[in-house]
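Inspection log for the structure reproduced underneath, given as structure tokens.
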């Protein structure tokens, strides 16, 4: 399991530092009990609300080269928190260009109606301008990648960690 979660590690470029020790402590403090991780199986929402669950789901999506849906959903969540109208306008344009525009670098899979509806919403930007697209992408994750995550070795290792570490 350590190898699978190794992608959470970041390298610190400063010489003499021991970043992995600090990161291991942070990860262990976030690491759920198997019982907590089992609750992620109740709903995608419960998974995304848990920091470690979100990180594990992101790591899983990365192995499938499909993390753009989660990144888009998270970008929409952050967008809704913006208070300044000018920042909202620039962030909305960035989100559209990065995830919704046809042939964009991280294009998410949206039907033409949703794509057009979202494009029209950019004429008058509000906190809800991405709601339909975000709802569609959440639905895709819920029906497709989330069930695969629940069957993945990554998730199964997390929920079975107690069995492996307890003495016989």
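Residue numbers (our numbering): -3 to 164.
We treat Cβ as the ideally placed atom computed from N, Cα and C, and that holds for glycine.
- Inter-residue distance for residue 44 and residue 119 is about 30 Å (C-alpha atoms, whole angstroms).
- For residue 75, same chain residues with a beta-carbon under 8 Å away, outside a window of 5 residues either side, are 84, 87, 88, 91, 123 and 126 in chain order.
- In summary, residue 41 is exposed, with fewer than 16 beta-carbon neighbours lying within 10 Å of its beta-carbon over all protein chains present.
- For residue 72, the uninterrupted alpha helix (DSSP H) segment begins and ends at 64 to 75.
- Residue state for residue 120 is assigned as coil, using DSSP reduced to three classes.
- The Cβ atoms of residue 50 and residue 145 lie no closer than 9 Å to each other.
- Excluding the 5 residues flanking it on each side, residue 104 has same chain C-beta neighbours closer than 6 Å at 64, 65, 68, 95 and 133, in chain order.
- Contact check for residue 154 and residue 52: beta-carbon distance about 7 Å, within the 8 Å limit, so the pair qualifies.
- Across the set 71, 112 and 55, the C-alpha of 71 shows the shortest separation from the C-alpha of residue 130.
- Residue 113 and residue 137 have their alpha carbons spaced roughly 20 Å apart.
- For residue 44, the enclosing alpha helix (DSSP H) has its first and last residue at 40 to 45.
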